[in-house]
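Student: My questions all concern the structure below.
Dropping the structure here:
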C-alpha cells in the first residue's frame, strides 16, 4: 500500500501542482484532528477530481468520516515514518515540501483546520444533531 506522501509525489505529474498539493496537506490536517487511530478517514482514493481547462484538480468535496475510538479502522500511512496508532502532527509540517508548502503556510493551514475541527460540537448543534449523538461521537475527535 502506498503512503499519502508517495501518492502526492506521483500526483504532481497529473494535476495542477500547487493548489492540489496544498489541498492534500489541508485534508491530512483535517484527518489528523480526528482520533490518531483514524487517519485512514482521509480516504485518499475517494477524493473527487474535476478536469478544468485540461488540468485535473481536487474537488472541493471529499470523504472524511469520523470514527469513534475503539472502532477497527484500516489506515493508510501518511509517510514511511508514520505510526497509525500514534500519529504525530509534526510529520505534516516536516513533509511540507511534498505538498509544496513553506513551513509558515503548513503551520497556518494546520492551525485553520484545527480551529475548524475544534468547533465540531457547535456545528453539530447548529445542524440539530441530538445531544446523545454528539456525546456518542466525542471519542472520534481530539477535542
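Residue numbers (my numbering): 1 to 143. C-beta atoms are modelled at their ideal positions from N, C-alpha and C, and glycine is treated no differently. For clarity, every value in this text was computed on a predicted model and none was experimentally measured.
#1: Given a threshold of 16 other Cβ atoms within 10 Å of its Cβ, counted over all protein chains shown, does residue 128 qualify as buried or as exposed?
#2: Go through its chain and collect everything with a Cβ distance to residue 135's Cβ below 7 Å, but skip five positions before and after it.
#3: Just to check, is the beta-carbon of residue 129 closer than 8 Å to a non-hydrogen atom of the ligand SAH?
#4: Which residues share a DSSP beta bridge with residue 52?
#5: Since residue 107 and residue 93 should fall inside the 8 Å C-beta cutoff, what is the C-beta to C-beta distance between them, to a whole number of angstroms?
#6: Relative to the C-alpha of residue 118, which residue among 88, 97, 140, 132 is closest?
#7: For the alpha helix (DSSP H) that contains residue 104, what are its first and last residues?
#8: Over what stretch of residues does the alpha helix (DSSP H) that includes residue 127 continue unbroken?
#9: By Cβ distance below 7 Å, which residues in the same chain neighbour residue 120 in space, the five residues on each side in sequence not counted?
#10: Between the Cα of residue 133 and the Cα atoms of 55, 66, 53, 54, which residue gives the shortest distance?
#11: Taking the CB atoms as reference points, tell me whether residue 137 and residue 124 lie closer together than 9 Å.
Tutor: By the coordinates alone:
#1: exposed
#2: Nothing meets the Cβ criterion.
#3: Of the ligands one can find in the structure shown there are none, so the ligand SAH has no counterpart to examine.
#4: 55
#5: 6 Å
#6: Selected option, being the one with the closest Cα: 140.
#7: Unbroken alpha helix (DSSP H) run through residue 104: 103-117.
#8: Here residue 127 belongs to no alpha helix (DSSP H), and DSSP marks it neither H nor E.
#9: 141
#10: Taking only the C-alpha atoms, the option nearest residue 133 is 66.
#11: yes
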